[in-house]
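Residue numbering for the sequence shown follows our numbering, beginning at 391 and increasing consecutively.
Single-structure report; data block below.
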Amino acid sequence: MQRRYFLLGLLGLGGISTLDIDSVYWPDDGEFFNACKNKLPERLAQHEVVLSAFQDIDTTQLWDGHVHLVGLGDTDSGIWVNPNSLSMLDIKQYAQFHFYLNACCPTPDMPIDEGFINRLKSLQFGRGIKFILLAFDYSYDEQGNRLTKQTAFYTPNNYAAKIHQQYPDTFEWIASIHPYRKDCVEALEQAFIKGARGVKWLPPAMGMNPASSLCDRFYKAMAHWGIPLLCHCGDEKAVDGTNTQIYGNPLSLRRALEHGVKVIIAHCGSLGSNIDTDKGINGPLVSNFSLFARLMDEERYNGLLFGDISAITQTGRTSSLTTLIRRSDWHPRLLYASDYPLPGIIPLVSLRQLKDNNNITEQQTFVLKQVRHYNPLLFDFVLKRHLRVDNQGFSKEVFHTRSLWTGIRTIN
Ligand SMILES: [Zn+2]
């Protein structure tokens, strides 16, 4: 039973849409599940493919800004999972959750919450590298009432802050605060005092419209303290029934940007499409990635708008990937991030497809295929370092993200 509830907890992950069966490919050699191996063998750790990925990289500047903090609530973490969500499960979703569970590599004989942190700690792959853990707030209505029934799961800010305090060399944290909360500004102040590096929203699942004036006082406070907003854009297919895809429209973030809030669009909005609201409420449907690109190309948002490259190696996002690599003028505003635990889900990233597209070499494919079973975060880093389009890759500054999260990243 515990296991099923944990699967539900994972259901709230921002990247759930990426697990849509349509975007899951048939894995090479029929390999579906992560073997969850420990301790990368020397032959892989010292392999040229792995070592060369670190060339010119200052690992103390590498902070992964998109690491989900999930669990079951079987410790004093305060994590809460909505048991009512059980009735909404169907076979397809259940299969998806199994992939999530597998990617987290739960430790036998250890509470799920603890095992999740334990495994994650063991994945640190270089001196000074940090993982930024994401909290997850409840849904709220426009009157500021908490909508517990419509919330799939909740990861408290205090828990994320506590893990950071316990292991400050490995973890930073990002708060999640719904802007419709009556106490949203006070909660932001508390998070700021406890060292939160930003605020994370998943609007279609959490029920906030970033374009609403209800967010204004929250935006003012964020801009005042210089706290960045990490916002999932693009399609999300949460199962709580309150999904509003338009809330995931990248253009809805104009309001935050106009308030001077630093905004990081997760996955560069690289999935699905939305109404081009710049052309009115009946505007044409345009891909979310094109809307993200439009915002990136507006001069006034330079220094304010960023995109994280988490999940962009997944099948179904490859055309966005090509553009992101080619647009080297964007690279100072792209941030390396993993969307953990997703890199551990074997069928989400097709190394064979990336090789066929000449994004990676045969040898890199061979090594990466093995590394992902030991350390999905190292796998994600090495893969993104080696990606090529016409001999061009992501520049090293994409991986030197720390200064953005500590507020001193400068943009030329
Ligand atoms: Zn995510």
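We put the CB at the ideal spot given by N, CA and C, even for glycine.
The alpha-carbon separation between F515 and N535 amounts to approximately 42 Å. In this structure, the CA atom of P674 is about 6 Å from the CA atom of I665. Exposed is the label assigned to D531, since fewer than 16 other Cβ atoms lie within 10 Å of its Cβ. Straight through space, the alpha carbons of A613 and N599 are spaced by roughly 18 Å. Per DSSP, N664 is one residue of the beta strand (DSSP E) stretching across S663 to I665.
DSSP, read as helix, strand or coil, puts G455 in strand.
Taking a 10 Å sphere around the C-beta of E562, we find 16 or more other C-beta atoms and assign the residue as buried. Around the beta carbon of R517, fewer than 16 other beta carbons lie within 10 angstroms, which makes this residue exposed. For the 8 Å CB-CB criterion, G455 and I502 do not form a contact. When the five nearest sequence neighbours on each side are left out, the beta carbons in the same chain lying within less than 7 Å of the beta carbon of F422 are those of I736 and P737, in order along the chain. DSSP places H622 in the uninterrupted beta strand (DSSP E) bounded by L619 to H622. The Cβ-Cβ distance between V440 and V739 does not fall below 8 Å. T545 is positioned such that its CB atom lies no closer than 8 Å to that of S529.
A straight line joining the alpha-carbon of S700 with that of K786 spans about 16 Å.
For E562, the enclosing beta strand (DSSP E) has its first and last residue at F561 to I564.
For D729, the shortest separation between its Cβ and any heavy atom of ligand 1 lies below 7 Å. Judged by beta-carbon spacing, L430 lies within the 8 Å limit of Y764, meaning their Cβ atoms are closer than that value. In the same chain as P640, and ignoring 5 residues on each side of it, the C-beta atoms closer than 7 Å to its own belong to C623, I655, G659, N678, L681, F682 and L685, in chain order.
Cβ atoms of I522 and R587 come within 8 Å of each other, at about 6 Å.
Contact between Y549 and G468 is confirmed by a C-beta separation of about 5 Å, below the 8 Å threshold. According to the DSSP assignment, S710 belongs to the alpha helix (DSSP H) that extends over T708 to R716.
Under the three-state reduction of DSSP output, A601 falls in the coil class, being neither helix nor strand.
Comparing alpha carbon positions, the residue from K652, G734, Y730 and I553 closest to K759 is G734.
Between L537 and G597, the CB-CB gap stays under 8 Å. Here DSSP, grouped into helix, strand and coil, assigns Q445 to coil. For G505, the enclosing alpha helix (DSSP H) stretches over residues I502 to S512.
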